[in-house]
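One structure below.
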Amino acid sequence: MPGLCRIGVQLPEVERRVPWSELVVMAKTAEEVGFDSLWVGDHLLYDLPDGSVRGPWEVWTSLAALAAVTQRVAIGPLVACTGFQNPAMLAKKAATVDAISGGRLILGLGAGWNEREYQAFGHPFEQRVARFVESFDLIRRLLAGEVVDHVGQFYSLDRCVIDPPPVRAGGPPLMVGSIGPRMLRATLPYVRGWNVWWNQFGNTPQGLAEVARPVRDMCAALGRDPDEVLCTAAVYVQAPGGGGRVMGDSNSGVAPISGSVEQVAEQLAAFAAVGASHLQLVVDPITQESIEWLGEVLALLDKARVR
1 MPGLCRIGVQ
11 LPEVERRVPW
21 SELVVMAKTA
31 EEVGFDSLWV
41 GDHLLYDLPD
51 GSVRGPWEVW
61 TSLAALAAVT
71 QRVAIGPLVA
81 CTGFQNPAML
91 AKKAATVDAI
101 SGGRLILGLG
111 AGWNEREYQA
121 FGHPFEQRVA
131 RFVESFDLIR
141 RLLAGEVVDH
151 VGQFYSLDRC
161 VIDPPPVRAG
171 GPPLMVGSIG
181 PRMLRATLPY
191 VRGWNVWWNQ
201 FGNTPQGLAE
211 VARPVRDMCA
221 ALGRDPDEVL
231 CTAAVYVQAP
241 GGGGRVMGDS
251 NSGVAPISGS
261 VEQVAEQLAA
271 FAAVGASHLQ
281 LVVDPITQES
291 IEWLGEVLAL
301 LDKARVR
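Per UniProt numbering, residue 1 is the first one in the sequence shown, and the count goes up by one each step.
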């Protein structure tokens, strides 16, 4: 059911090459202007249209550093690719970052999609959904405090346990970054929320409502109250000075939310009205100035009691 909606912002990936010092300033600015959460993509390398390559900072190192320089905002990977990590090490890193942040981590998990970075860094791309399903089960069990013995198709663990234990009973909340039936069936019984990327729902409230309907149906079929599994969505927003977001060699052709502060606030409120519980804003251009401008949008949403 519609209710208050949290608003976060994704920090730069490879839209441009961002010095770490600038990224820290952006994170602190986002917290100061009122964002609820900060998100970092888990990618390694993109091919750009001009034939060059560009990669972002490593996600878990970044999250640990951001946890140490912020106080209030939730932080999380959008989303952590299980294909890049042994599941036990991913769980260990998540527990560590959650402790550094004082219990502010939201653990988004997904299977990845960019074959180029898999190949570049030597990770197997084939059967990545099957790998995700096995990895997810191990991660959630480890973060729940289990001692895990496991011999599976892809991973083996021998009396593995996360110690020091997670600072929150049961570990940080889990979020699946997928609307695929196979991954939803494996995760919806356990996750706090699910996430969909803007080009998968047309970046519109109506599109999000259509995508959410079968997810809610699957929740009910799996024995979960659909209202207890949060709908979260990455929404593409163009701030003043934006000229189109280029990520790798792809162009989705989906239009961003844009306009005045009032118009952007109204459009974001419409996502909350169709049931979104948390929005991650993917911003063009992603700069300190854009984050400050979006602070004005947040103030209007607060005034309207959208969040």
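In this text, a Cβ means the ideal position worked out from N, Cα and C, and glycines have one as well.
Member of the options whose CA lies at the smallest distance from the CA of residue i
i	options	result
Ala265	Phe84, Pro87, Gly295 and Gly275	Gly295
Asn114	Gly103, Leu105, Ile106 and Arg128	Arg128
Pro124	Asn86, Val161, Leu90 and Arg141	Asn86
Leu90	Ser21, Phe121 and Pro172	Pro172
Phe154	Val191, Ala88 and Glu146	Ala88
Arg104	Pro49, Cys231, Val167 and Asn199	Val167
Residue i, buried or exposed, once every other Cβ within 10 Å from all chains shown has been counted against 16
i	result
Ala30	buried
Lys92	buried
Gly180	exposed
Met1	For Met1, the predicted model reports a pLDDT of 40, less than 50, meaning its position is unreliable; a value from the coordinates is still stated below. Met1 is exposed by the Cβ-count criterion.
Ala220	exposed
Gln280	buried
Ala95	buried
Asp249	Residue placement at Asp249 is flagged as unreliable, the pLDDT there being 47, under the threshold of 50; the coordinate-derived value follows with that caveat. By the neighbour-count rule (16 or more Cβ atoms within 10 Å), Asp249 is not buried but exposed.
Asp284	buried
Pro205	buried
Glu117	buried
Glu289	exposed
Pro164	exposed
Gly170	exposed
Arg305	exposed
Gly112	buried
Arg16	exposed
Gln71	exposed
Arg213	exposed
Ala68	exposed
Residue i in three-state terms, based on DSSP
i	result
Cys219	helix
Asp148	It is Val, not Asp, that sits at residue 148 in the sequence shown. Three-state result, Val148: strand.
Met1	Annotation note: pLDDT 40 at Met1 (below 50); position unreliable, coordinate value reported separately. Residue state, collapsed to three classes: coil.
Gln206	helix
Asn114	coil
Pro12	coil
Leu107	strand
Asp137	helix
Asp302	helix
Asp98	helix
residue 316	Outside the displayed span of the chain (1 to 307) sits residue 316, for which this structure offers no information.
Arg6	strand
Arg131	helix
Arg213	helix
Same chain, Cβ closer than 7 Å to residue i, neighbours up to 5 away in sequence not counted
i	result
Leu63	Val40, Ile75, Pro77 and Val97
Thr187	Phe136 and Val176
Leu300	Val261, Glu262 and Ala265
Cβ-based neighbour list, residue i, same chain, cut-off 6 Å, excluding 5 preceding and 5 following
i	result
Gly177	Val79, Gly108, Gly110 and Asn195
Ser258	Gln238
Gly55	Leu44 and Leu45
Thr287	none
Gly242	Asp284 and Pro285
Val18	Pro12
Gly223	none
Arg141	Val148
Chain-order list of residues whose beta-carbon lies under 8 Å from that of residue i (same chain, five-residue window excluded)
i	result
Arg182	Val129 and Val133
Ser37	Arg6, Ile7, Gly8, Val9, Val73, Ala74, Ile75, Gly76, Ile106, His278 and Gln280
Phe271	Cys5, Pro205, Leu208, Ala233, Val235 and Leu279
Ile291	Val9, Met26, Thr29, Ala30, Val33, Phe35 and Val283
Leu184	Val176, Ser178, Trp194, Val215 and Met218
Checklist entry - Quick one: complete beta strand (DSSP E) runs, 3+ long, within the region 228-297? => result 230-238 and 276-284
Next on the checklist: For a minimum of 4 consecutive residues, which ranges assigned as the alpha helix (DSSP H) are wholly contained in the region 16-89?
Outcome noted: 20-33 and 59-69
Item to check | Runs of beta strand (DSSP E) wholly within the region 166-205 (minimum 3 residues, chain order) | outcome: 174-176 and 193-196
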